[in-house]
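Residue numbers (UniProt numbering): 1 to 442.
Just so it is clear, CB atoms sit at the ideal spot from N, CA and C, and this is done for glycine as well.
Below is the structure:
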């Protein structure tokens, strides 16, 4: 086992054990778990109300699609209606372990050193979101990352679209992966195959929503994909420094949407279109070259998907604490494939982490978050360095220097050397005198 594998395994197990320790010794905090259970209660108990306008919790009406309802209905059954919180926490711990396994696979397959993840694991907010708050964001991002793995490492585009549809049906925010996903599909497969992938994703959306659509379709479409929601500035991690009237202004919303679309267009033109998403040289006669080609394409797909999501997150209308899990695991990887100096990468990660740690959100902490995100977005858009994977592949393809073998000595010469060596060892006490000289001495 290589040193890199040892180090990554150690980091993986250390983080999973640390999170389990948090689960055991840090008190659970109720924020949304009870509200989630209340929202699905009407669906799981008689008279089985399927009207989205009637499904509500302590924090307000249900605003998530059908996949969320079925997922949390299942969790409700497994946790005695949500009362067995410890059981729910254990389930979320297992989910976090699976999410970490995907993240570590991303870094290994792209050749990015896992030490850059240390800046992520210094944050206590991630562990809090997963096992102490039980937010649905963890489920949504897990299925989104599973889609990334199917796309990048296995080219299982149909299966990837299916699990991505599950992710969107749990929380709509993962739709931010969609521009990169569509770019990859149109670049890697034929138009008919793109249509098949789209229909597979659509089928899950219709299946998970069917009972609600049949009962009251307008209510479902209005609430499950609510786009007119007004956010509360009190919990906004990223825009505390704005005056309240600007924060709720429709102009700000339109400006952020415009910047998001502009950034997606910019990165598609500057970086995405220059990448290869299909194997052009099979390299059957050269396994090392074939492996390098596969790795290069997998990295291109992974970067495109993660960049698409990160840009959407960076221009979000409002971020809450749980939103950190949407992008934080992939950000060090994205920054690695830029020309940003290592010190500046560390500063960016530290600024974002600091902003998400401060409670309640303050203008200075929001400024730190937005400053870090702005620098990261500029680096990803204008200072990308996709050649890093090419350089590492070329290094891997360099033939290793062969050790020159000494010519084999003839058997007779070898025996003579051995005899001489034996004589030399016997004569270590001093040279033997000739017989004639010995007689004279006598």
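Is residue 61 helix, strand or coil by DSSP?
strand
Simplified DSSP state of residue 29, which is helix, strand or coil
coil
Are three or more beta carbon pairs between the segment 141–158 and the segment 293–301 nearer than 8 Å?
yes
May I ask you to list the residues that DSSP assigns as paired with residue 56?
61
When the Cα atoms are used, what is the spatial distance from residue 196 to residue 159?
11 Å
Of the residues 31, 100 and 63, which one's Cα is nearest the Cα of residue 443?
The structure shown does not extend to residue 443, since the chain is modelled only from 1 through 442, so no value can be given for it.
How is the alpha helix (DSSP H) around residue 274 delimited, first residue to last?
Here residue 274 belongs to no alpha helix (DSSP H), and DSSP marks it neither H nor E.
Close beta carbons around residue 354, own chain, < 7 Å, minus the five adjacent residues each side:
365 and 368
Identity of the residues DSSP links to residue 384 by a beta bridge
338
Helix or strand or just coil, what does DSSP make of residue 226?
coil
For residue 455 and residue 189, what's the separation of their Cα atoms in angstroms?
In the structure as shown, the chain begins at 1 and stops at 442. Residue 455 is therefore absent and cannot be evaluated.
Same chain only: Cβ atoms within 8 Å of residue 476, ignoring 5 sequence neighbours per side:
Here the chain has residues from 1 to 442 only, and residue 476 is not among them.
Apart from the five residues just before and just after residue 396, which ones in its own chain have a Cβ nearer than 7 Å to its Cβ?
Per-residue confidence for residue 396 stands at a pLDDT of 46, beneath the threshold of 50, marking its modelled position as unreliable; no derived number is given.
Contact between the segment 79–95 and the segment 127–135: three or more CB pairs below 8 Å?
yes
For residue 231, which three-state DSSP category applies?
coil
Classify residue 223 as buried or exposed, calling it buried when 16 or more other Cβ atoms lie within 10 Å of its own Cβ.
buried
Considering residue 244, what are the terminal residues of the alpha helix (DSSP H) in which it resides?
244–247
Measuring only the C-alpha atoms, how far is residue 307 from residue 96?
22 Å
Own chain partners of residue 174 with C-beta closer than 6 Å, once the 5 adjacent residues on each side are dropped
140, 144, 167 and 168
Kindly indicate which three-state DSSP category residue 200 falls into: helix, strand or coil?
helix
What residue range does the alpha helix (DSSP H) around residue 310 cover?
287–314
Locate the alpha helix (DSSP H) running through residue 174, then write down its first and last residues.
No alpha helix (DSSP H) contains residue 174, which DSSP labels as neither H nor E.
Is residue 328 helix, strand or coil when you go by DSSP?
coil
Cutting at 6 Å between CB atoms, please list the residues of its own chain near residue 376, excluding the five before and the five after it.
348
Taking the C-alpha atoms as reference points, what is the distance between residue 321 and residue 229?
18 Å
With DSSP collapsed to three states, give me the class of residue 373.
helix
I believe residue 184 touches residue 336 by the beta-carbon criterion, under 8 Å. Please report the beta-carbon distance rounded to the nearest angstrom.
Contact flag wrong, Cβ pair sits at about 20 Å.
What span of residues does the alpha helix (DSSP H) with residue 115 cover, start to end?
Taken as a continuous stretch (DSSP letters only), residue 115 belongs to no alpha helix (DSSP H), as it is neither H nor E.
So what's residue 256 in DSSP terms, helix, strand or just coil?
helix
Pull up the CB-CB distance for residue 225 and residue 317, whole angstroms please, since I reckon it's below 8 Å.
Contact flag wrong, Cβ pair sits at about 15 Å.
Terminal residues of the continuous alpha helix (DSSP H) containing residue 99?
85–110
Taking the continuous alpha helix (DSSP H) assigned at residue 145, which residues delimit it?
137–149
So the candidates are 372, 327 and 303; which of them puts its Cα closest to the Cα of residue 112?
303
Residues in its own chain within less than 6 Å of residue 278 by CB, not counting five upstream and five downstream?
188
Give the secondary structure of residue 319 by DSSP, where H, G and I count as helix, E and B as strand, and everything else as coil.
coil
Could you check how far apart the C-beta atoms of residue 270 and residue 386 are, in whole angstroms? I think they sit under 8 Å.
At roughly 10 Å, the Cβ-Cβ gap does not stay under 8 Å, so residue 270 and residue 386 are not in contact.
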